[in-house]
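In the numbering used here, the protein residues as written are -11 to 306.
Backbone N, C-alpha and C fix where the C-beta goes; we use that ideal spot for every residue, glycine too.
Since the structure is predicted, the reported quantities are computational estimates derived from the model, not experimental observations.
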């Protein structure tokens, strides 16, 4: 965490506060990566739970079918303790899943020996920060050293996932904000206003086809998770951006490595796995698993963190 860089978004304050040590944990919201993004660039842990695992009651909606709430902390162990408190069914949230809540801390210390992990390397092999692939390779070797079997797996491109997600989300975002956008547009910030407006141009046909596409992409992930216990990829494609309020919004122009697991509604956790050489900023590993398999995600992350110290590094705030 550096004062000259953005802490990621949109759960920016939560990520920065945890990284700075102001709080031991915080709640974030994640539609396409807004928990995992701040976690990745701030060098902390951030979990987007399974869709419906944590109630969204009282949270202003962004995208009805992809909004999640989840914890940001310094370690996977703290994520497990935090999630224990906030997970569960809520009849006041129409997307809430009525499923038992396991003891998330109980399985943290189980060995990961023999677990099969699918590495989605092609998502970050090209076009990412130059220090990211080596950091990911080192993280994979740590997991292999702990006994996990890591093999490559090929999924659809990040562009496919990003286009599918944003087509759905901007249509739903416009439906939420249409009245206020028409009656008080001056109250919207530049970036939010520019994200909402394109939703007015999405045809019903586009939205329905994107929903059908989402089913295809989610099935692709489900099939991969029949072969693997979890999927591994990067938590972000680069380090934190320099703070510049006038920089362009890259939500749609740049593919997102967090959006695939938003499309699938899968639990996905970002944890630190290195520092860039030039900037000295955090790099991140992302772990995802089948719906409601948060214990698996946390078990793998905890094992990695017991073998490394990236999560123990605090910023110098002097």
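Less than 8 Å separates the beta-carbon of residue 290 from that of residue 96. Taking C-alpha positions only, residue 196 is separated from residue 222 by approximately 30 Å. Around residue 267, the same chain offers 227 as residues with beta carbons nearer than 7 Å, after the five sequence neighbours per side are excluded. Here residue -8 has 230 and 231 as same chain residues with Cβ atoms under 8 Å from its own Cβ, once five neighbours each way along the sequence are excluded. DSSP places residue 250 within a helical segment (H, G or I) once states are collapsed to three. Under the three-state reduction of DSSP, residue 203 is assigned to helix. Shown here, residue 211 sits in a helix according to DSSP, grouped into three states. Here residue 219 is near residue 212, since their CB atoms are less than 8 Å apart. Counting only the Cα atoms, residue 140 lies some 6 Å from residue 106. Going by C-alpha positions, residue 244 is about 24 Å away from residue 165. Close CB contacts of residue 131 within its chain, under the 8 Å cut and outside five residues either way in sequence, are with 100, 105, 138, 220, 288, 291 and 292 (chain order).
Within its own chain, the residues whose Cβ lies closer than 6 Å to the Cβ of residue 147, once the five positions on either side in sequence are excluded, are 243, listed in chain order. The C-beta distance from residue 28 to residue 280 rounds to 23 Å, too long to fall under 8 Å, and the pair is not in contact. Distance from the CA of residue 45 to the CA of residue 203, rounded to the nearest whole angstrom, comes to 26 Å.
With contacts defined by Cβ atoms closer than 8 Å, residue -2 and residue 43 do not form a contacting pair.
Taking the Cα positions, residue 112 is about 31 Å away from residue 177. Counting only runs that start and end inside the segment 113 to 192, the beta strand (DSSP E) elements of at least 3 residues fall at 137 to 140.
Within a 10 Å sphere around the beta-carbon of residue 153 sit 16 or more other beta-carbons, which makes this residue buried. Around the CB of residue 174, fewer than 16 other CB atoms lie within 10 Å, so the residue is classed as exposed. Residue 184 has its alpha-carbon roughly 6 Å from the corresponding atom of residue 158.
Where residue 66 is concerned, the enclosing alpha helix (DSSP H) starts and stops at 64 to 74. For residue 235, the secondary structure class from DSSP, reduced to helix, strand or coil, is coil.
Taking all protein chains shown into account, residue 217 has 16 or more neighbouring C-beta atoms within 10 Å of its C-beta and is therefore buried.
By the criterion of a C-beta distance shorter than 7 Å, residue 302 is surrounded in its chain by 9, once the five residues flanking it on both sides are discounted.
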